[in-house]
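One structure below.
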Amino acid sequence: MKLNLLIMFFLIFIYIFIPGNIFAEDISSDTFDLDFEIPEVEKKPYSFNAEFKISETIKGFDEDSLLFNQKYPNGRDDYTFYQTDLNLKFEGSYQISIVKLYVRLNGALYYNDAEDWENDRRTEEAYVSLLPGPSITLDAGKKVLKWGKGYAWNPAAFISRLKDIEDPDATMEGYYVVSGDFIKSINGPIKTIALTPVILPVSRHINDEWSMGRDTIWGCKIYFFAFDTDLDIMFLSGEEVKDRFGIDFSKNISVNFEIHGEAAIVLDYVKYITDQQGNLTEKEYDTKNYLLGTRYLTSHDTTYIFEYFRNSQGYSRGEMKDYFALVEDGYQEYINSRSMAKISKSRQYGSQFYNKQTVMKDYFYLKVSKKEPFDILYFTPSVVCIYNINDKSGSITPQMTYTSITNFEFELKTTFLFGKDYTEYGEKLNDYKIYASMKYYF
Amino acid sequence: MKKTLLTMFMCLYISAPVFALDGNEMLKKVDRNLNPESFEMYRKLINIESDGSKKEFVMYSVKKGKDKIASVFLSPASEKGRSTLRIGENMWLYIPNVGKPIRITSLQSVTGGVFNNSDIMRVDYSTEYNCEKVEPADEGHILHLKAKANTVAYDRVKMWVYGKRLLPDKLECFASSGMIIKTLYFKNIKDFGNGIVRPAVIETDSPLYKGYKSIIVFAKVKVKDLPDEVFTLNYMSKVEGLRQ
Chain G
0 MKLNLLIMFF LIFIYIFIPG NIFAEDISSD TFDLDFEIPE VEKKPYSFNA
50 EFKISETIKG FDEDSLLFNQ KYPNGRDDYT FYQTDLNLKF EGSYQISIVK
100 LYVRLNGALY YNDAEDWEND RRTEEAYVSL LPGPSITLDA GKKVLKWGKG
150 YAWNPAAFIS RLKDIEDPDA TMEGYYVVSG DFIKSINGPI KTIALTPVIL
200 PVSRHINDEW SMGRDTIWGC KIYFFAFDTD LDIMFLSGEE VKDRFGIDFS
250 KNISVNFEIH GEAAIVLDYV KYITDQQGNL TEKEYDTKNY LLGTRYLTSH
300 DTTYIFEYFR NSQGYSRGEM KDYFALVEDG YQEYINSRSM AKISKSRQYG
350 SQFYNKQTVM KDYFYLKVSK KEPFDILYFT PSVVCIYNIN DKSGSITPQM
400 TYTSITNFEF ELKTTFLFGK DYTEYGEKLN DYKIYASMKY YF
Chain R
0 MKKTLLTMFM CLYISAPVFA LDGNEMLKKV DRNLNPESFE MYRKLINIES
50 DGSKKEFVMY SVKKGKDKIA SVFLSPASEK GRSTLRIGEN MWLYIPNVGK
100 PIRITSLQSV TGGVFNNSDI MRVDYSTEYN CEKVEPADEG HILHLKAKAN
150 TVAYDRVKMW VYGKRLLPDK LECFASSGMI IKTLYFKNIK DFGNGIVRPA
200 VIETDSPLYK GYKSIIVFAK VKVKDLPDEV FTLNYMSKVE GLRQ
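Quick note, the sequences are listed as chains G and R, same order. The opening position of the first sequence corresponds to residue 0 in numbering that gives the first Met the number 0, with each subsequent residue numbered one higher. The opening position of the second sequence corresponds to residue 0 in numbering that gives the first Met the number 0, with each subsequent residue numbered one higher.
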């Protein structure tokens with residue numbers, strides 16, 4: 000624990016007290032080499048990039064919350080959780096003629112109270128591309144395909160893993176796909192049409208999250224750029240997956256105002272719902288999910304990103320109350336009789352269906368960030384608010400990033416959760432989180 | 000007397016639009032003198048803080064026609080692979096980690112510092128502005144430019160054009176309120192070959208960023224034939240592949 004606190008204080012110390020000019024060259028503007036040679040001009044067939052991150056996370060457990068009781072029915076000695084993360088991300092590519100190889104690896108080493116030192120390695124992307132010309136690209140391998148225009152949520156991202164809403168810009172792991180990109184630029188109101196067909200094979204060895212047996216999933220996205228608006232239409236279909244169709248758009252209304260939206264229909268979606276006794280039922284229906292959002296920049300360089308998300312696959316207030324009642328009953332049963340039956344059942348349903356992000360139906364997302372206030376270059380404070388409209392719970396995250404030193408990025412954020420009993424955020428495991436990180440790119 | 004007044008009136012009436020036309024023609028020539036219709040270039044962008052410390056970015060850019068430009072950052076490592084695209088007043092940013100293009104606005108800045116996206120993804124001045132007035136100056140002209148639409152970053156621009164080559168020397172950029180936002184200084188006229196002779200350095204300062212300065216240095220400005228498909232969202236992650 001002392002080590003964790005030391006790392007946290009160290010990160011905060013360098014964030015606050017080391018000014019950018021320590022690492023900068025102290026020269027007057029008159030002495031710049033303006034007739035310069037740029038080393039980067041020489042193109043090489045290979046390219047390597049890496050990112051090292053050290054971070055410290057402190058979470059304060061909410062010992063009265065139902066999910067705390069579900070996970071730790073015997074309580075904990077320490078109601079604060081510390082984790083140190085060391086993360087190395089490597090990205091490389093090699094191109095010979097029209098063939099390009101690309102790989103992105105992510106390795107993490109972390110230490111916390113519960114697991115001691117553990118590691119996690121994954122190949123996020125590894126694929127080969129054929130690039131015969133600007134109009135055609137063919138890719139095969141493990142690749143991330145991010146569809147949709149939303150910042151926090153993407154209901155039309157049919158071939159992606161779910162975003163971490165607490166870090167929507169984080170890199171993701173792809174799926175094994177064969178995909179193409181066919182682009183046609185034309186004169187007229189429609190300026191660009193681009194077709195992105197995707198084949199996603201499923202077997203016991205690859206993409207096995209998609210279905211139990213062998214399957215071939217087909218998808219396609221068609222992009223139009225017309226009337227200064229981006230428009231995508233997409234679908235996904237397969238024997239073992241539910242067919243889905245989507246549409247998205249984005250447009251700049253003015254010099255500082257952008258709007259975007261997404262809508263998706265999933266046919267015959269199956270939702271699993273538990274009652275208070277732990278009896279699981281299936282409900283099959285066509286879901287209609289959609290998102291509307293805007294990005295607005297004020298004259299004082301403050302950016303507002305606001306999104307409303309309707310997740311009709313999510314649980315209603317009553318369905319979530321039933322689940323929380325099951326968790327509470329399970330905990331009481333354990334306290335009274337030491338029986339794990341009900342609490343184990345609630346844990347199983349929690350890990351499969353309920354203890355996830357964006358588990359209910361209606362959400363707001365708001366991010367307000369101020370660029371370089373008080374003339375401090377490369378300093379961006381911001382506040383993120385996620386609000387569950389159905390149960391009036393949510394989280395508020397003030398955060399700061401500082402990128403004054405070339406290739407270094409410092410981040411500090413604190414998350415506070417709010418919500419009453421039997422609400423999504425009110426019953427989460429922790430009620431606050433402090434996170435500090437330092438990233439180095441090379 | 001009546002005849003004289005009529006002649007004077009006719010002269011004034013006719014000369015006003017001719018002057019305006021000359022201004023717009025002059026602006027088009029300034030655009031062509033700054034760069035060919037379709038070309039590639041390397042740029043180093045330097046942000047200098049009030050204490051003298053600096054931060055540098057290197058970009059490779061391609062431009063086609065009057066209103067299409069695509070760029071990719073080559074350094075520093077933290078920015079490498081980020082690309083930007085502009086078609087008219089539409090702007091997008093592609094960040095490799097994020098994995099998809101997002102729309103950005105001209106008043107934001109992908110690099111921080113005094114230059115905003117509109118300065119970094121510069122399209123032809125004649126695409127965005129009309130010349131309302133040409134005023135004689137000591138060694139050239141001052142063009143008074145007015146934005147054609149409210150989606151343009153600066154409402155008004157005052158452009159000092161000097162010399163026979165019709166190259167800009169200084170630009171003052173104003174908000175619709177009349178407040179000066181920044182001043183751009185064009186320096187170091189350089190022969191890039193193939194008839195491209197233009198300022199190799201643009202410096203800017205702004206009353207909004209007191210003590211700060213940003214500089215763009217141009218290198219290897221070359222004519223290049225480019226297909227339209229390069230200027231599309233699907234191509235943003237591949238712009239670096241155009242380098243030879």
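Note that the Cβ used here is the ideal one computed from N, Cα and C, for glycine as well. In this text the structure is predicted, and so the values were computed from the model without any measurement.
Only 370, 371, 374, 376, 377 from the region 366-386 of chain G bring a Cβ to less than 8 Å from some Cβ of chain R. For residue 251/G, the nearest beta carbon of chain R is closer than 8 Å to its own beta carbon. Separation of residue 324/G and residue 332/G (C-alpha to C-alpha, rounded to the nearest whole angstrom) is 12 Å.
Secondary structure at residue 331/G: helix, using DSSP grouped into helix, strand and coil. Close to residue 42/G, with beta-carbon spacing below 7 Å, are these residues of chain R in chain order: 242, 243. Shortest Cα-Cα distance from residue 196/G to any of 212/G, 234/G, 397/G, 141/G involves 234/G.
Counting every other CB atom within 10 Å of its CB across the protein chains shown gives residue 416/G a total of 16 or more, marking it as buried. For residue 73/G, there is no enclosing beta strand (DSSP E), as DSSP marks it with neither H nor E. Residues of the region 168-183 of chain G that bring their beta carbon within less than 8 Å of a beta carbon in chain R comprise 168, 169, 170, 171, 180, 182, 183, in sequence order. Taken atom to atom, the span from the alpha-carbon of residue 430/G to that of residue 396/G is near 12 Å.
If you look at residue 82/G, you'll find it in the beta strand (DSSP E) that goes 79-95.
Residue 198/R is outside the set of residues whose beta carbon lies under 8 Å from a beta carbon in chain G. At a cut-off of 8 Å between beta-carbon atoms, residue 87/R makes contact with chain G.
The C-beta of residue 112/R comes closer than 8 Å to at least one C-beta of chain G.
Judged by DSSP secondary structure, residue 346/G falls within the alpha helix (DSSP H) whose first and last residues are 340-348. Taking every protein chain shown into account, the CB of residue 376/G has 16 or more other CB atoms within 10 angstroms, so this residue is buried.
Interface residue (Cβ-Cβ distance to chain R less than 8 Å): residue 193/G is classified as such.
Residues of the region 158-186 of chain R whose Cβ lies closer than 7 Å to any Cβ of chain G: none. Our two residues, residue 173/G and residue 208/G, have alpha carbons roughly 12 Å apart in a direct line.
Taking 4 residues as the shortest admissible run, the region 162-217 of chain G contains no complete alpha helix (DSSP H) segment at all.
The three-state reading of DSSP puts residue 323/G in helix, counting H, G and I together. Take residue 418/G, set aside five residues on each side of it, and the residues of its chain with a beta-carbon closer than 6 Å to its own are 392, 424, 425, in chain order. Distances from the CA of residue 51/R to each of 120/R, 60/R, 211/R, 168/R were compared; the closest alpha carbon is that of 211/R.
The DSSP-derived three-state label of residue 373/G is helix.
No Cβ of chain G is located within less than 8 Å of the beta carbon of residue 206/R. Scanning chain R for C-beta atoms nearer than 7 Å to the C-beta of residue 441/G yields 76, reported in chain order. The beta carbon of residue 123/R sits closer than 6 Å to those of 30, 65, all from its chain and outside the five residues before and after it, given in chain order. Around the C-beta of residue 72/R, 16 or more other C-beta atoms lie within 10 Å, and the residue is accordingly described as buried.
Residue environment analysis places residue 372/G among the exposed positions, since fewer than 16 neighbouring C-beta atoms fall within 10 angstroms of its C-beta. Interface annotation for the region 222-237 of chain R against chain G: 225, 226, 227, 228, 229, 230, 231, 232, 233, 234, 237, criterion Cβ-Cβ distance under 9 Å. Interface criterion met: the Cβ of residue 106/R is under 8 Å from a Cβ in chain G. For residue 117/R, the enclosing alpha helix (DSSP H) starts and ends at 116-119. Not a single CB atom of chain R sits nearer than 8 Å to the CB of residue 96/G. Taking 8 Å as the CB threshold, residue 98/R lines the interface with chain G.
Secondary structure of residue 233/R (DSSP, three-state): helix. Taking the Cα positions, residue 181/G is about 31 Å away from residue 75/R.
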